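Report on the structure given below.
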Amino acid sequence: MIKEVVSKALSEQVNAEYYSAYLYLSMSAYADRAGFKGVAKWLFVQAQEEMAHGTHIYQHILERGTAPSFAAIPVPPVTFESIQDVFEKVLKHEQQVTESIDHIASLAMRESDHATYQFILWYVDEQVEEEANADEVLSKIRLMGNNPSLLYSLDAKLGAREFSDPFATTD
Ligand code: OFO
Numbered sequence: 004m005i006k007e008v009v010s011k012a013l014s015e016q017v018n019a020e021y022y023s024a025y026l027y028l029s030m031s032a033y034a035d036r037a038g039f040k041g042v043a044k045w046l047f048v049q050a051q052e053e054m055a056h057g058t059h060i061y062q063h064i065l066e067r068g069t070a071p072s073f074a075a076i077p078v079p080p081v082t083f084e085s086i087q088d089v090f091e092k093v094l095k096h097e098q099q100v101t102e103s104i105d106h107i108a109s110l111a112m113r114e115s116d117h118a119t120y121q122f123i124l125w126y127v128d129e130q131v132e133e134e135a136n137a138d139e140v141l142s143k144i145r146l147m148g149n150n151p152s153l154l155y156s157l158d159a160k161l162g163a164r165e166f167s168d169p170f171a172t173t174d
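For what it's worth, my numbering labels the leading residue of the sequence shown as 4, then goes sequentially.
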């Protein structure tokens, strides 16, 4: 059975992943209302991924013989200055998530919880990709400045993103 300290950290991560989903839904709504339908779609798919991340951790806690704890999901920001501002905040948020995932990995190691350590390594890898994706979009937006026609071509590319369940073959 999983130790309480590890289970608590994992439950907090479930909450953090659902908060991430909420944050990206809020950003998606902002982009949609600002006319950037492709950015809105990219962020909506990102929110779907975050739900999958949270649910997968929830299932791991149950599989380890204990019940997850629940807490209120914080209200995300609802106003943003621009699409660039959105992606600045996406990158910052993902950097914070990386810290909390690293914290769980260190905790699992300290507590000799090899199962949780093994489990969380997927998230360690995923955070490398999450930060790289956000950084790539942000770098492009910075290069484009406020040129609307360039931003709209990026918008079309981002709109091609489709959700695929990252755990579909491993569950
Ligand atoms: Fe769950 O990866 Fe982003 O936050």
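Positions of the beta carbon are idealized from the N, C-alpha and C atoms, including for glycine.
Keep in mind the model is a prediction, meaning the values are calculated, not measured.
Between residue i and the ligand OFO, is the CB less than 7 angstroms from at least one heavy atom?
i, result
"E20", "yes"
"S23", "yes"
"H56", "yes"
"E165", "no"
"V48", "no"
"V127", "no"
"V89", "no"
"V17", "no"
"V131", "no"
"E139", "no"
Could you compute how far the alpha carbon of residue i sits from the alpha carbon of residue j?
i, j, result
"V89", "R67", "37 angstroms"
"V78", "P151", "31 angstroms"
"K11", "P71", "7 angstroms"
"D174", "S167", "Confidence is the limiting factor: at D174 the pLDDT is only 48, short of 50, which leaves the residue's position unreliable, though a coordinate-based value still follows. Spanning the two alpha carbons is a distance of roughly 14 angstroms."
"L153", "W45", "17 angstroms"
"D128", "E84", "31 angstroms"
"V131", "R36", "30 angstroms"
"E114", "L157", "45 angstroms"
What do you reckon, are the CB atoms on residue i and residue j nearer than 8 angstroms?
i, j, result
"D116", "V9", "yes"
"I104", "Y25", "no"
"T82", "E134", "no"
"R145", "Q87", "yes"
"Y27", "Q49", "yes"
"I5", "T58", "no"
"L94", "A137", "yes"
"M54", "Y21", "yes"
Pop quiz: residue i and residue j are said to be a contact at Cβ under 8 angstroms. What is the actual Cβ separation, rounded to whole angstroms?
i, j, result
"I64", "L13", "5 angstroms"
"P80", "S31", "Between S31 and P80 the Cβ distance is about 13 angstroms, and since that is not below 8 angstroms, they are no contact."
"H96", "S23", "7 angstroms"
* Is there contact here, the region 35-52 with the region 153-169, by at least three beta-carbon pairs under 8 angstroms? -> yes
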